[in-house]
Amino acid sequence: MAELTTAIFDLGGVVLRWDPRAAYADVAGPDDIERFMTEVAWPEWNRSLDGGRPLAEAEAELARRFPRWAHLASAYRENNHRAISGEVEGTAAVLAELRSAGVRLLALTNWSAETFAPTRARFPLLEVFEGIVVSGVERVLKPDPAIFRLLCERYAVTPAQAVFIDDVVANVDGARRFGLHGVLFRDAARLRAELAELGLL
């Protein structure tokens, strides 16, 4: 196996806590939030944002197609700071240890360009990354191999020398197919142990 030199991190659910339901908690009860998310196919709606769709356009269509939920159309944008409530416990320490060991740190995230910008400003921890590739900026989503290729070309990463960490199985599998070493994130302690087994720590 080639010597590993680079760690590529997903952000939501790995570095930063993400609970989209929290964005709606002030404007709807738990049962209505679940009905809303089911009826509007919220994961697919959010994925379109991550793919680069403008928020205003997506919100207007949601309100038009689902008038019952029109009052919730803009809540995710307006309350995004509640959806991203803090850091995932323990990950910052793993990042610090990797940095001290001389490992290159990059990030690759499926995220709306419009909501990522204010989030980046809120969390100084993200400055640890040499570079961050955001799907909503690039208009291509994990696990499409194109976004892994973009990151590797932009930052001169040799896939066989890099490990990719994500909490979504499909994204880890996509990274492995591309030639990266994939690690499924469960918690920081297990991540550290797996990175140690790979020789990065």
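Take 1042 as the starting number for the sequence shown in our numbering and just add one per residue. Every residue gets a Cβ at the ideal spot worked out from N, C-alpha and C, and that includes glycine.
In whole angstroms, give me the CA-to-CA distance for residue i and residue j.
i	j	result
A1201	A1048	11 angstroms
S1089	L1242	37 angstroms
V1178	L1052	15 angstroms
S1141	T1156	30 angstroms
M1078	R1190	33 angstroms
R1109	G1092	26 angstroms
R1180	L1139	29 angstroms
A1101	L1167	31 angstroms
E1194	L1182	16 angstroms
A1082	G1143	43 angstroms
T1132	I1188	23 angstroms
A1073	R1062	The amino acid occupying residue 1073 in the given sequence is Asp; Ala does not appear at that position. Each residue's Cα considered, the two are about 11 angstroms apart.
A1237	A1230	11 angstroms
From the options, pick the residue whose C-alpha is nearest to that of residue i; which is it?
i	options	result
P1186	I1173, N1212, V1204 and A1162	N1212
G1223	A1066, G1070 and V1209	V1209
E1044	T1199, R1233 and M1078	T1199
R1145	D1091, G1172 and D1073	G1172
S1106	E1080, A1234 and L1232	Just to set this straight, residue 1106 is Arg in the shown sequence, not Ser. Comparing Cα positions, the closest option is E1080.
A1203	N1151, L1147, R1062 and R1231	L1147
F1170	P1095, A1162 and L1136	L1136
Between which residues of its own chain and residue i is the CB-CB distance below 8 angstroms, once the five residues before and five after are set aside?
i	result
W1086	A1099 and L1103
Can you list, in chain order, the residues of its chain whose CB lies under 7 angstroms from that of residue i, leaving out five sequence neighbours each side?
i	result
A1018	With the chain covering 1042 to 1242 only, the question about residue 1018 has no answer from this structure.
H1112	V1068
G1220	P1200 and A1201
Which whole-angstrom value describes the C-beta separation of residue i and residue j, a residue pair presumed to lie in contact below a C-beta threshold of 8 angstroms?
i	j	result
V1129	L1057	6 angstroms
A1216	F1226	Not quite, the Cβ-Cβ distance comes to about 12 angstroms (not below 8 angstroms), so this is no contact.
If we define contact as Cβ-Cβ less than 8 angstroms, is residue i a contact residue for chain C?
i	result
R1106	The chain labelled as chain C is not found in the depicted structure, where only one protein chain is given.
Give the list of continuous alpha helix (DSSP H) stretches no shorter than 4 residues that lie fully inside the stretch 1109 to 1189. Given a length threshold of 4 residues, each whole run of the alpha helix (DSSP H) inside the stretch 1109 to 1189 is given here in chain order: 1116 to 1119, 1121 to 1124, 1132 to 1141, 1154 to 1163 and 1176 to 1179.
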